[in-house]
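Residue numbering for the sequence shown follows our numbering, beginning at 9 and increasing consecutively. Glycine is no exception: its CB is placed at the ideal position from the N, C-alpha and C atoms. Encoded as structure tokens, the structure appears first; notes follow it.
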Amino acid sequence: MCGIVGFVTPDRNETTLKAMIASQTHRGPDDNGSYIDESSGVHFGHNRLSIQDTSSHAHQPFVSNCEAYTIVFNGEVYNFQSIKEALEQLGHQFISSSDTEVILYAYKEWGVNCIEKFIGMFAFGIYDKKRKQLFIVRDRAGVKPLYYYHHNEHFLFSSELKSFSEYPPFNKAINREFLPFYFQFGYLPAPYTIYENCYKLKAGHYMLFDLKSNTKSIHKYWDIHDFYLMEKFTKNEEEILEDLEKLLIDACKLRLISDVPVGVFLSGGYDSSSVTSLLQNHQERRLSTFTIGFNDKELNEANDAQKIASLLDTNHTEHYCAEDELLALIDTLPYFYDEPFADDSSLPTMLVSKLAREQVTVALSADGGDELFFGYSKYFALTKVMELKSSTLKYQLLRLSMNLLNERTLLFLNTLLPKSKRQTNIVAKYQKFKNMLNAKTEEEMFRNASSKVSSKFLNKVLQDGDFKSFHKTAFRDFKKLDSLDKIDRMMAIDYKTFMVDDVLCKVDRASMAFSLEGREPLLDHRLAEYMARVPTKLKYKQRKGKYLLREILKKYVPTEITDKPKAGFTVPLKSWLQNELKERTLEALESKILKEDKIFKEKELEKIIKDFKKGKIENPMFIWSVLMYVKWRVKWQ
């Protein structure tokens, strides 16, 4: 894992290049390097976290022996050895044992088609002197980030947005069009960012930037939706389970390739337990596993991970964190995430990354399991709503009864329930389910299920409640996937939206904050392509999700250990906002920033502040997203 930067300017600008490199030191503290070609104005910079070939032979930027090609690379190509052998047979000679050099000569040999041969996570830029162009690529799933800025004569790219702030001509004008999306979903969707003229290169895409004409073209080379639209497998369940287990084992074993220590994040859930079980049962070396625990029994799931670790005999480390540790990280979030980002699980993810980094340089996680194997609770809720809609009488009766319940009654019922730090406000749950029932289309239903804040509420409080930007994101593919089973369609959309721009963004920044490389075996593209063609009835069976993972895991771990509800990384957000974070949050709500930016209607904001002072928080995620926005503005504007 590393950090890469690049820009094109007519004049040599070593000072700016060094500043951009320095801004990403946390991504690669082991080494850094720069490259400038004065004839073209190409400037490349690199921060290195040494994983493969820790010697100076793999120093970047890496220049080919013919000096016609130069690369900066972030990530891993796990099958580089077999590609290297093929290139050697074609006459290429190598001076290192790194995957960086293999990528460069693969491009020299096969051009842009080289990416079809790579298995891994990657973002890289290649300067091709012969063609006078830049070749910039992001991996299929979007594990590795890649940002670019193109305005007039200025072109930049980088692993993180913060490096652009070191480039003096960079214009920090806020992209207001996608603020409604941010406040509804908690993240900014690819290809857009918080800044105008600044974009994320979408997963599975590459860019060609012509240095002569200062123009770019963007091309798609992989799309999970193409595989969902293929004919489903006709294999029986036993055959599919056999295929899947082989794919999972290979994906996990490939991601152990490293010249430095490797560990695994273990939560005790199906995804991380599957990854840990498959790895430990197919190698002799004891795995190092890591878990974060909470002293509050309601939030703690470390005991589940401990049971798995003991059964598999891993070298297990757990850390029980105090709330103060998590709260102390909040002020660092704007720096590491670069733009408004409101997923509160970033805090425990940062802590487990910090814990792992004390012993290893690489950690495997199990992200992607929910999107591929049917894991999210919203999938079950949507399935239930669709079942109800198929029974007209039941649907109409339920819809009528829910519409008769008013907010005041629900708030009263909420006070009768036992207090819980994990509990979601009953009003918010009711409102979300009601919105799903009242949705006029399946697209609207899915959107209501996916949002953290309702469109109705945001239309009421935002100055500009225009949600047309929603259809400029990957959600627009909803109609393209109309032929799919409803469950498949939900998972296919999430794979290109929430997973990339929330989950993977969260893990990349949290791990890189502590110079830890995160690897994602469940996002191996071969596994994703296979799962896209598995019949839906095998993903959701016996009214349970992750059926196939459950069946595979049975071989390694007793069912009674894993067959339980899984909540994931949970923090007591509402409690914090009402207590430990109350002063900070009130300061944000009353800040001049919100008035200057004219995001919220003045009277509505006054009501939100008045309710907050009384301790009334109907939607903690909305308040949290406002706090994160204000903190980002203070840091970067």
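Identity of the residues DSSP links to residue i by a beta bridge
i	result
Lys549	Lys552
Arg146	Ala131
His51	Phe15, Ile44
Glu326	Thr299
Met6	In the structure as shown, the chain starts at 9 and stops at 645, and residue 6 therefore has no counterpart that could be examined.
Met215	Ile144, Ile226
Val71	Thr78
Arg56	Cys10, Asp39
Nearest-angstrom beta carbon gap, residue j and residue i [assumed within contact, 8 Å]
i	j	result
Thr505	Phe478	Not a contact, Cβ separation roughly 10 Å.
Phe577	Pro356	4 Å
Ser266	Val370	5 Å
Gly194	Lys460	5 Å
Met520	Arg35	5 Å
Lys590	Leu341	Their Cβ separation, rounded to whole angstroms, is 18 Å, which puts Lys590 and Leu341 out of contact at 8 Å.
His162	Pro177	5 Å
Asn21	His51	7 Å
Leu256	Ser282	7 Å
Met215	Ile123	Wrong, their Cβ atoms sit about 12 Å apart, outside the cutoff.
Phe130	Lys152	6 Å
Leu112	Ile91	Leu112 to Ile91, Cβ: 11 Å. No contact.
Asn55	Ile79	That belief does not hold up - the Cβ atoms of Asn55 and Ile79 are roughly 14 Å apart, past 8 Å.
Terminal residues of the alpha helix (DSSP H) in which residue i lies
i	result
Asn5	In this structure the chain extends from 9 to 645, so residue 5 is not present and cannot be described.
Pro348	Looking at the DSSP string, Pro348 is not in any alpha helix (DSSP H), and its letter there is neither H nor E.
Ile616	610–621
Asn308	Neither: Asn308 is in no alpha helix (DSSP H) and is coded neither H nor E.
Lys464	463–469
Glu591	590–597
Leu237	Leu237 -> no alpha helix (DSSP H), and no H or E assigned at all.
Gln89	88–97
Thr23	22–30
Gly376	Segment: none, Gly376 is in no alpha helix (DSSP H) and carries neither H nor E.
Tyr200	Premise fails: Tyr200 is in no alpha helix (DSSP H) and is neither H nor E.
Asn456	450–458
Lys386	385–398
Met498	494–504
Lys562	Counting along the chain, Lys562 falls outside any alpha helix (DSSP H), and DSSP gives it neither H nor E.
Asp332	331–337
Asp516	513–520
Gln654	Coverage of the chain is limited to positions 9 through 645, which leaves residue 654 absent and any answer about it impossible.
Leu602	600–605
Terminal residues of the beta strand (DSSP E) in which residue i lies
i	result
Tyr157	155–159
Val370	370–372
Lys208	206–208
Gly194	Careful: Gly194 lies outside any beta strand (DSSP E) and carries neither H nor E.
Gly83	77–85
Glu528	That residue, Glu528, is in no beta strand (DSSP E); it is neither H nor E in DSSP.
Ser166	162–166
Exposed unless 16 or more other CB atoms sit within 10 angstroms - verdict on residue i
i	result
Ile103	exposed
Met636	buried
Thr242	exposed
Leu98	exposed
Val642	exposed
Ile625	buried
Pro269	exposed
Phe608	buried
Glu309	buried
Glu174	buried
Glu528	buried
Cys260	buried
Pro628	buried
Asp685	Shown here, the chain extends from 9 to 645; a query on residue 685 therefore has no answer.
Asn222	exposed
Ile12	buried
Ser428	For Ser428, the predicted structure reports a pLDDT of 49, less than 50, and the residue's modelled location is therefore unreliable. A value from the coordinates is still provided. Exposed, since its Cβ has fewer than 16 Cβ neighbours within 10 Å.
Val110	buried
Cys74	exposed
The ligand PLP heavy atom lying under 7 Å from the CB of residue i
i	result
Leu337	Looking at this structure, you won't find the ligand PLP or any other ligand, since it has none at all.
Complete runs of the alpha helix (DSSP H) confined to the segment 250–289 [at least 4 residues]: Counting whole runs of 4 or more residues, the segment 250–289 contains the alpha helix (DSSP H) stretches 278–288.
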